[in-house]
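Peer 1: First the structure, then my questions, so here it is.
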Amino acid sequence: MGSARKLAGQFYMRDLTVFKVMFTAIVTAMLGAFWLGWLGVLDLSKVYVPETFLIPQLAGGVIFGAGFAMGGLCPGTSCVSAATGRLDGFAVVMGMFGGVVLTGILFRPLQAFYESTPRGTFTLPGLFGVPEGVVVLAIVLLAIAGFRGAEALERRASRTRTE
Amino acid sequence: MSSQNARRLARYLAGVAIALGLLAAFVGSPRKQSNARLDLDRLARTVESDDDNVTAVELGDWIRNRRANLRIVDVRDSTEFADYHIPTAERIALSDLTSGPFRKDETVVLYSGGDGRAAQGWVFLRAMGFTRVYFLKGGLYDWLDEVMNPAISPAAPRSAGTLAERRLSANANRRDLRFSSSRTAPLEKRSREFAAAESDIAASSVADRHRSR
Chain A
1 MGSARKLAGQ FYMRDLTVFK VMFTAIVTAM LGAFWLGWLG VLDLSKVYVP ETFLIPQLAG
61 GVIFGAGFAM GGLCPGTSCV SAATGRLDGF AVVMGMFGGV VLTGILFRPL QAFYESTPRG
121 TFTLPGLFGV PEGVVVLAIV LLAIAGFRGA EALERRASRT RTE
Chain V
1 MSSQNARRLA RYLAGVAIAL GLLAAFVGSP RKQSNARLDL DRLARTVESD DDNVTAVELG
61 DWIRNRRANL RIVDVRDSTE FADYHIPTAE RIALSDLTSG PFRKDETVVL YSGGDGRAAQ
121 GWVFLRAMGF TRVYFLKGGL YDWLDEVMNP AISPAAPRSA GTLAERRLSA NANRRDLRFS
181 SSRTAPLEKR SREFAAAESD IAASSVADRH RSR
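Chains A and V, in that order, are what the protein sequence lines are. Under my numbering, the letters of the first sequence match residues 1 to 163, in that order. Under my numbering, the letters of the second sequence match residues 1 to 213, in that order.
Structure below.
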């Protein structure tokens, strides 16, 4: 997971490990949160749902995507990469911290933009007007279909390479 | 792990995820609040018959008479609570009311500055199935006007013992919710009575705790 080539393989549909890892994490966390909430162990009303700020988050997405494409690593994988001694991983971690510090220093002038176009919080059950359990089932099925599709794509890519 | 075993494990985990997802679609909401049920007809009747609130004078009597299992809850913020609160009251934020820190046999009286936020808390607790819940009518303002400082204007007629007259004269003092040094004997007497009630209740709760050990 710490290899930039593995992550870049994602964009060329050759290696969808990252997609599978991410979706596994989403499904595990979602099922865990749902069932712990249902059993009364976790109070879901206390789980913070981040608010949407449309334009600043779109801008953030573009910056993040550009960094991802250039470095070949995202924040989590860059730490893994740096920890395994890769210099590119270390460069991405430094770039990330530099960006965080710069944003902190420039926060006051950026604040108006940072808090612009607020849209409140969105959740899939709220958006589609269906119970949480139905959304959970839909995402599990989507993930399973996604895994099968990803493996089919990987098989096709490896066949193309060997030909 | 051989690739065959890994494949078998992946299939098994996918099966578990599908089973949990399928069950999730039928077991209902995972949120605790979904246990709340509102009988709107009953609620409307309670509000219409004015059984959803207590007046400041009634509450004063309940405190003085050491009504059993009485809990007075201040839903204002901690600064306002520290400034002044009704004797024997405890502060619980509105958002914490939903965690249900009450027993069913307790009589809960909610109050705020006016009575709006306390009335909202009343709806929360009724939705959670608590029936002995009231909010203080007129909130802390009425408490101060009618119990702590039921002043009658010197210019008022002799019959000015009515609530309306008392309110008119007390409104002049409404800006400051705290005690002022100019308030004299009746207020101090009441304060002493409530302080006695408060220490009695504190002592009995200490005794209860000792007994329960």
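Every residue, glycine too, gets a C-beta built ideally from N, C-alpha and C.
Going straight from the alpha carbon of V/S2 to that of A/T123, what length do you get?
Peer 2: Answer to the nearest angstrom: the Cα atoms are 40 Å apart.
Peer 1: Starting from the Cα of A/T162, find the closest Cα among A/V140, A/L7 and A/R14 and give me that residue.
Peer 2: Here the closest residue by C-alpha is A/R14.
Peer 1: Measure the C-alpha to C-alpha separation of V/V16 and A/L16 and round it to an integer number of angstroms.
Peer 2: If I take the Cα positions, the gap works out to 22 Å.
Peer 1: If you scan the stretch 74 to 121 of chain V from start to end, which runs of the alpha helix (DSSP H) of 4 or more residues do you find wholly inside it?
Peer 2: The stretch 74 to 121 of chain V contains these whole alpha helix (DSSP H) runs: 78 to 83 and 94 to 97.
Peer 1: Unbroken alpha helix (DSSP H) runs of length 4 or more, entirely within the stretch 60 to 137 of chain A: which are they?
Peer 2: Runs found: 75 to 83, 87 to 105, 107 to 114 and 124 to 128.
Peer 1: State the start and end residues of the unbroken beta strand (DSSP E) segment that holds V/L136.
Peer 2: Segment V133 to L136, the beta strand (DSSP E) holding V/L136.
Peer 1: Using a Cβ cut-off of 8 Å, pull out every chain V residue sitting near A/I144, in sequence order please.
Peer 2: Those within 8 Å of A/I144 in chain V are A14, A17 and I18.
Peer 1: To the nearest angstrom, how far is the alpha carbon of V/R71 from that of A/P109?
Peer 2: Answer to the nearest angstrom: the Cα atoms are 49 Å apart.
Peer 1: With DSSP run on the structure shown, which of helix, strand or coil describes V/V123?
Peer 2: Reduced to three states, the DSSP call for V/V123 is helix.
Peer 1: Nearest to A/S3 by alpha carbon, out of A/F128, A/S78, A/L127 and A/V93?
Peer 2: That would be A/S78, whose Cα lies nearest to the Cα of A/S3.
Peer 1: Specify the secondary structure class of A/L31 as computed by DSSP and reduced to three states.
Peer 2: Reduced to three states, the DSSP call for A/L31 is helix.
Peer 1: I need the DSSP call for V/N5, collapsed to helix, strand or coil.
Peer 2: Reduced to three states, the DSSP call for V/N5 is helix.
Peer 1: Is A/P131 close to chain V, meaning its C-beta is less than 8 Å from at least one C-beta of that chain?
Peer 2: Yes, A/P131 counts as interfacial toward chain V.
Peer 1: With which residues is A/F187 paired in a DSSP beta bridge?
Peer 2: The displayed coordinates of chain A run from 1 to 163. Any statement about residue 187 of chain A would go beyond what the structure contains.
Peer 1: In the DSSP output, which residue or residues are listed as bridge partners for V/I72?
Peer 2: According to DSSP, V/I72 bridges with V/A89 and V/V109.
Peer 1: Roughly how many angstroms lie between the CA atoms of V/L253 and V/R31, to the nearest whole one?
Peer 2: With chain V represented from 1 up to 213, any question about residue 253 of chain V goes unanswered, as that position is not in the structure.
Peer 1: With a CB to CB cut of under 8 Å and the five nearest residues on each side skipped, what residues in its chain are close to V/R8?
Peer 2: So no residue of the chain qualifies.
Peer 1: Might you give, ordered along the chain, the residues of its own chain that have their beta carbon closer than 7 Å to the beta carbon of V/F130, omitting 5 neighbours on each side?
Peer 2: Only F102, K104 and V108 meet the Cβ criterion.
Peer 1: Going by CA-CA distance only, name the one from A/Q111, A/T24 and A/A8 that's closest to A/A145.
Peer 2: Measuring from the Cα of A/A145, the nearest candidate turns out to be A/T24.
Peer 1: Less than 8 Å separating the beta-carbons of A/E51 and A/P125?
Peer 2: No.
Peer 1: Any C-beta of chain A sitting closer than 8 Å to the C-beta of V/F26?
Peer 2: V/F26 counts as touching chain A.
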